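J.: Protein chains in written order, with the numbering used here: chain A, 7 to 273; chain B, -6 to 314.
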Ligand SMILES: Cc1cc2nc3c(=O)[nH]c(=O)nc-3n(C[C@H](O)[C@H](O)[C@H](O)COP(=O)(O)OP(=O)(O)OC[C@H]3O[C@@H](n4cnc5c(N)ncnc54)[C@H](O)[C@@H]3O)c2cc1C
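What follows is the structure in structure tokens.
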């Protein structure tokens, strides 16, 4: 069985949050790119969990090859980490990511799947923590004409089907689909493993398969973006917080309850 | 040019239809395009008529087919694709529900449309549609331009638009038929464990706890106050991840989006990804021992102190009455 996991690098969302909250998030001269050099770049956490999901399938005794692919020529760290975690193959598609929209990304990834020996299972993070769009997995599924199961907490496979536990707003749900299928992984899967020392050493030796859109049979027309980011800004939060204090927690508590009653928030 | 606002099932079941119709009408008025409301799945006719009239939608298209029952993604995508083929909309707006989050991009892939999720605003400009979306969990807003003739499929976030009624004539309701005879859902449901009881989305009062509680055995302080207030207990993501609270309790970008009258946040820092699920609360009370915690920026009342102590005292104060 061949499992393809799609992964990408993002700006550390916690660091972005800290700068945004402190009012110090810097948007560059182009008006749309976050430029703080101090913000670390790391693998999108959901993608890390997608790799973990693949490794758990292997741990469960399923014979499989795990390939991790990333769009963009600058994803070396992500791929190294994927290799260190236990991926069997790593691949990168060399394009200028600033001209890649969701549609192009999905087309590139679907073409990679078709050109690299196909996939029985494609795993993706449920969304990337930078743009939060979460549309690429569905677009890959449509490009390949295969089912897409979203927001998985656990994935099991048999020789021809996937059994997925989904976290839905109405509770948990176990679903099945024939393979091949796309499954998106959510944080409920649990923590991804840390690479072992042996894994790291092996990763150093692993060469990424470097592919161009041309290698994947795509034409410049296929790479024409239709969605363009033109601007990014930090929205203002209107603060009007009244701080309550008092001699004791009990007194503050009753003060708060009284105010909430006066505001008719509480009966 | 046509703008289509699309909803699934009974429109009175959620408060998001009013927001969607408001945004869609505004968009259609801005460049004098036609506005249609597409209702997929079974929906009570009277309720649809009433909402359409109240929000100034003159034309309603209904697709009702038994195969659309119960969030059926293959049937939904196929039905919308056939609809788009027979009367191509310039823009198709959907309320971004859990199910729409999958149906929207799949539809876009199917009909070769552009797609954008998390929209908080949509504008028309000459030859382009400009969409403002939430990014980085709400830390930033990103503005995208969608080019081409469309259709542009856009998922609209809950709580982004204030509903605004508009008087309209009695709407015309068309029954649109689609052929779903060849559709067999490729995803089979094996088992469902439906959540019992009330939903956070509908709660009037929510008490939420975060990592500041300190440990799993302290979550009951959150539940105690929630119970005393007749509300519901909720949690931030880290404590769900650590098993202190059930995943169904998670508020936020990747959890539930609630809009209670009162939201009490105890030991929660106020990261944008959390606030995405509660910033629409009418009154937010924040309890945090760090006076600089970002949560205070969103709060109406703030208390700097130990959340366990305060949760306990608040429970006492409520019960004392
Ligand atoms: C893509 C993405 C999606 C996410 N989705 C969600 C989501 O849906 N929901 C969500 O909640 N988070 C989500 N997060 C995580 C989010 O970014 C924050 O990390 C998280 O909300 C922080 O949870 P917290 O406030 O409980 O913990 P912390 O940020 O660790 O805050 C704990 C707070 O408790 C205070 N504190 C400590 N001790 C005490 C005490 N004794 N008394 C009072 N206060 C105390 C501290 O001062 C601090 O402010 C997401 C993150 C990403 C990247």
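From the three backbone atoms N, C-alpha and C, an ideal C-beta is built for every residue, glycine too. In this text, all values refer to a predicted model and were calculated from it rather than measured experimentally.
I need the residues with a C-beta less than 5 angstroms from some heavy atom of ligand 1; please give them in chain order.
T.: With the cut-off at 5 angstroms, the residues found are 19(A), 135(A), 203(B), 204(B), 205(B), 229(B), 230(B), 231(B), 245(B), 246(B), 247(B), 248(B), 260(B), 261(B), 262(B), 264(B), 266(B), 267(B), 281(B), 282(B), 283(B), 286(B), 299(B) and 300(B).
J.: At least one CB of chain A closer than 8 angstroms to the CB of residue 6(B): is that the case?
T.: No, because no Cβ of chain A sits closer than 8 angstroms to the Cβ of residue 6(B).
J.: Could you have a look at residue 48(B) and say whether DSSP puts it in helix, strand or coil?
T.: Correct three-state label for residue 48(B): strand.
J.: Tell me, to the nearest whole angstrom, how far the beta carbon of residue 99(A) is from that of residue 219(A); I am working on the premise that it is less than 8 angstroms.
T.: The pair is a contact, with the Cβ atoms about 7 angstroms apart (cut-off 8 angstroms).
J.: Distance check for residue 268(B) and residue 258(B), CA to CA, integer angstroms please.
T.: Roughly 10 angstroms between the two C-alpha positions.
J.: On the DSSP bridge assignment, give the partners of residue 139(B) in chain order.
T.: The partner list for residue 139(B) (beta bridge, DSSP) reads 233(A) and 122(B).
J.: Please return the same chain residues whose Cβ sits closer than 8 angstroms to the Cβ of residue 237(A), not counting the five positions on each side in sequence.
T.: 37 and 38, listed in sequence order.
J.: Any beta-carbon of chain B closer than 8 angstroms to the one on residue 128(A)?
T.: Cβ-Cβ to chain B under 8 angstroms: no for residue 128(A).
J.: Find the nearest neighbour of residue 18(A) within the set 110(B), 132(B), 47(B) and 270(B), judged by alpha-carbon distance.
T.: The residue with the shortest Cα to Cα distance from residue 18(A) is 132(B).
J.: May I ask you to report which of helix, strand or coil DSSP gives residue 91(A)?
T.: Helix.
J.: Within a Cβ cutoff of 6 angstroms, which residues of the same chain sit near residue 52(B), ignoring the five residues on either side of it in sequence?
T.: Cβ neighbours of residue 52(B) beyond the five flanking positions: 29 and 165.
J.: Give me, in chain order, the residues of the same chain whose beta-carbon lies closer than 7 angstroms to that of residue 157(B); leave out the 5 immediate sequence neighbours on both sides.
T.: Closer than 7 angstroms at the Cβ level, and outside the excluded window around residue 157(B), lie 15.
J.: Given a threshold of 16 other Cβ atoms within 10 Å of its Cβ, counted over all protein chains shown, does residue 85(B) qualify as buried or as exposed?
T.: Label assigned to residue 85(B): buried.
J.: Just to check my reading of the structure: residue 143(A) and residue 190(A) have Cβ atoms closer than 8 angstroms, yes? What is that Cβ distance to the nearest angstrom?
T.: About 5 angstroms; that satisfies the 8 angstroms criterion.
J.: Please determine, among 258(A), 93(A), 267(A) and 87(A), the residue with the shortest C-alpha to C-alpha distance to residue 65(A).
T.: It is 93(A).
J.: Please confirm if residue 200(A) has its CB atom under 8 angstroms from at least one CB of chain B.
T.: Not one chain B Cβ lies under 8 angstroms of residue 200(A).
J.: In chain B, what lies closer than 8 angstroms to residue 147(A) by C-beta?
T.: 99 and 102, listed in chain order.
J.: If we define contact as Cβ-Cβ less than 8 angstroms, is residue 259(A) a contact residue for chain B?
T.: At least one chain B Cβ lies under 8 angstroms of residue 259(A).
J.: Please report the Cβ distance between residue 168(A) and residue 185(A), rounded to the nearest whole angstrom; I am assuming they are in contact, meaning their Cβ atoms lie under 8 angstroms.
T.: Sure, about 6 angstroms apart at Cβ, within 8 angstroms.
J.: Below 7 angstroms between beta carbons is the criterion; list the residues of the segment 83 to 99 of chain B that meet it against any residue of chain A, in chain order.
T.: Those would be 91, 94, 95, 98 and 99, in chain order.
J.: Measure the Cβ-Cβ separation of residue 218(B) and residue 308(B) and say whether it is below 8 angstroms.
T.: Yes, the pair counts as a contact, with Cβ atoms nearer than the cut-off.
J.: For the segment 65 to 114 of chain B, list the beta strand (DSSP E) runs that are entirely contained and at least 3 residues long, ordered along the chain.
T.: Listed in chain order, they are 84 to 88.
J.: Check whether chain A comes within 8 angstroms of residue 180(B), counting only Cβ atoms and requiring the distance to be less than that.
T.: Cβ-Cβ to chain A under 8 angstroms: yes for residue 180(B).
J.: Taking 8 angstroms as the CB-CB limit, is residue 127(B) close to chain A?
T.: So yes, residue 127(B) belongs to the interface.
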